[in-house]
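If you count the sequence shown from 1, position 77 lands on 77 in the UniProt record's numbering, and the numbers rise without skipping.
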Amino acid sequence: MFNDYIKHWALLMGLLIVVAVSCSLMQYFLAIDNFEWMVLVLILSTGFVFASLFAFLQVKAKHSVFHTGICGGIFALYLILLFYIDLTLLIDWNAVSEGEIQLTILQKMIKSDAAFWIAFIVPFLYSSLSYIVRSKSESKVS
């Protein structure tokens, strides 16, 4: 069981290291302020907690490493795309604060903190729901 946990955890941490480095580089090259180290530490620290908990859930739910790779890959792509869109989305904050323009729904979603944290919640929900559905279908077959 511990070997399975290490496989799941290593796969997730590998993906999250790629995400952290990619987002740090985007912060360095695309942003005005240089907070690339803060981005790296934020993503690695939350990623470490996520990988540890999600790997435990995957082992308890008896999901394959392939399933973890699919969930982790989609999670990683979402974070990279979210970070890129957040950095390249142009908003005239002076006009917004003066009430001349309103933010669109997409702009509000991209700029909200919830968009970042949803990325961490969705894999847990998907994995839990797929385990529940699989266990229900296995109990009907037995």
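Ideal Cβ placement from N, Cα and C applies to all residues, glycine included.
Rounded separation between residue i and residue j - CA only
| i | j | result |
| --- | --- | --- |
| F54 | Q107 | 30 Å |
| S22 | W93 | 26 Å |
| I6 | E98 | 53 Å |
| K111 | V39 | 16 Å |
| S135 | A61 | 9 Å |
| L79 | A95 | 28 Å |
Cβ-Cβ separation, residue j to residue i (assumed contact under 8 Å), whole Å
| i | j | result |
| --- | --- | --- |
| A20 | L44 | 5 Å |
| V59 | M1 | 6 Å |
| S24 | E36 | 4 Å |
| L87 | L15 | With a Cβ gap of about 20 Å, L87 and L15 do not count as contacting. |
| V123 | F75 | According to the sequence provided, residue 123 is Pro. The question's Val does not apply to it. Confirmed, Cβ separation roughly 5 Å. |
Residue i in three-state terms, based on DSSP
| i | result |
| --- | --- |
| K60 | helix |
| E138 | helix |
| F29 | helix |
| G73 | helix |
| S130 | helix |
| I121 | helix |
Cβ neighbour criterion (16 or more within 10 Å) applied to residue i
| i | result |
| --- | --- |
| L12 | buried |
| Q27 | buried |
| A119 | buried |
Any 3 or more C-beta pairs closer than 8 Å across the region 122-136 and the region 47-67: With the cut-off at 8 Å, the region 122-136 and the region 47-67 touch.
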